[in-house]
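Numbering (the UniProt record's numbering), first residue to last: 1 to 413.
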């Protein structure tokens, strides 16, 4: 008895080793921090935010919670140095936790190789230090595939989308939520329309990059940009490089082009008299907005022209004297008073003409013209935007789509 007691006193008690189930529960709680998976006497349950009274059976877990537990369980229990294949991870996991869970699992099992089969390009580029393989097809006997190499000068995600396209590519400004993509993806439905993720400069640079690569010629890449304050000479120069500018200041101005408004009223079953009165109201409203902002329009247009002149200086000067000469040459070519006078005359002529399309060549519809148009139609701006997009995508009223097509640049086949 004495020897047993002494042995008990001398013993060092160690915490039990973490079991596989403990490991799964720990990782699962990292992904779902307000949830705790517990094994009660009767059944496995999930406790929400530490509140026992808000617990629920494991069988009542959401799809995301269940899939997360399933994935973690399989990865944790995989043999050492396994190749773990995840098929279409995007199907049952919300994007909010998708990257988080696989980052965690890759870190937890860094002895394993993870292979993802996915159609989600955003997920593909989220995997760090990964090799991307493009599976082109399968003929029943062999797979057609190639290892993906990023296109120098393009973001990785855009590179993937370009290389995966089977149609000619049109690069546009903005992202998938932009007016550029919403409009051009319908207007250029025979092309693969891809957002550049940036503005006109990104479209120009990326288009030049793609057109300069021999193996990209099959995609005939082109770009579509806003007119902004570009001159006709600037636009012609860009077209020679496969970059086309719309004939309005910003893409939103297409929504208030006269032909689009007229097509909208026809689709909305305005009577001839209603349409005439609405157009008169719209022209008056747009004209007033242009007048209110005349001086700002002139100043911005001239500033843009001056900026473009200095941007032409570029790099690659032989020495400091060459740089001084080029800068002085550009500086001396800027006759600010003459430029202000010319632009002022142009803006005044546009206002006097009462032509909506001319007036909006130098002015963003978002600055008030869109409100004037919606108001003239008896709608809110949001309602007009929603209805115009509905008509644009509808086969039952092709007039609006035809109107947009008629005012967008024609891309050579």
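We put the beta carbon where it would ideally sit given N, CA and C, even for glycine.
{"Asked": "Separation of residue 134 from residue 143, as counted between CA atoms", "Found": "11 Å"}
{"Asked": "With 16 other Cβ atoms within 10 Å as the buried cut-off, status of residue 257", "Found": "buried"}
{"Asked": "Distance between beta carbons of residue 347 and residue 298, contact taken as under 8 Å", "Found": "6 Å"}
{"Asked": "Rounded straight-line distance, which links the Cα of residue 132 to that of residue 145", "Found": "11 Å"}
{"Asked": "Per-residue burial, residue 402 [other beta carbons within 10 Å of its own, 16 or more giving buried]", "Found": "exposed"}
{"Asked": "Proximal residues to residue 368 (C-beta, below 7 Å), its chain only, five neighbours per side dropped", "Found": "289"}
{"Asked": "Bounding residues of the alpha helix (DSSP H) (the contiguous stretch that carries residue 438)", "Found": "Shown here, the chain extends from 1 to 413; a query on residue 438 therefore has no answer."}
{"Asked": "Straight-line Cα distance separating residue 95 from residue 36", "Found": "22 Å"}
{"Asked": "Sufficient close CB pairs (3 or more, under 8 Å) joining the segment 201 to 217 to the segment 161 to 173", "Found": "yes"}
{"Asked": "Cβ neighbour criterion (16 or more within 10 Å) applied to residue 72", "Found": "buried"}
{"Asked": "4 or more residues per run - each alpha helix (DSSP H) lying fully within the segment 332 to 382", "Found": "336 to 353, 356 to 359, 369 to 376"}
{"Asked": "Buried or exposed (CB count within 10 angstroms, at least 16 for buried), residue 2", "Found": "For residue 2, the pLDDT reaches just 49, beneath the cut-off of 50, and the residue's location in the model is therefore unreliable, leaving the point undetermined."}
{"Asked": "Beta-ladder partner(s) of residue 192, from DSSP", "Found": "169"}
{"Asked": "Coil, strand or helix - residue 25 by DSSP", "Found": "helix"}
{"Asked": "Backbone CA spacing between residue 210 and residue 163 [nearest angstrom]", "Found": "10 Å"}
{"Asked": "Exposed unless 16 or more other CB atoms sit within 10 angstroms - verdict on residue 226", "Found": "buried"}
{"Asked": "Where residue 279 sits in the DSSP three-state scheme", "Found": "helix"}
{"Asked": "Rounded straight-line distance, which links the Cα of residue 175 to that of residue 98", "Found": "21 Å"}
{"Asked": "For residue 43, the three-state DSSP class (helix, strand or coil)", "Found": "coil"}
{"Asked": "Coil, strand or helix - residue 74 by DSSP", "Found": "helix"}
{"Asked": "Closest Cα partner of residue 166 within the set 136, 58, 152, 22", "Found": "136"}
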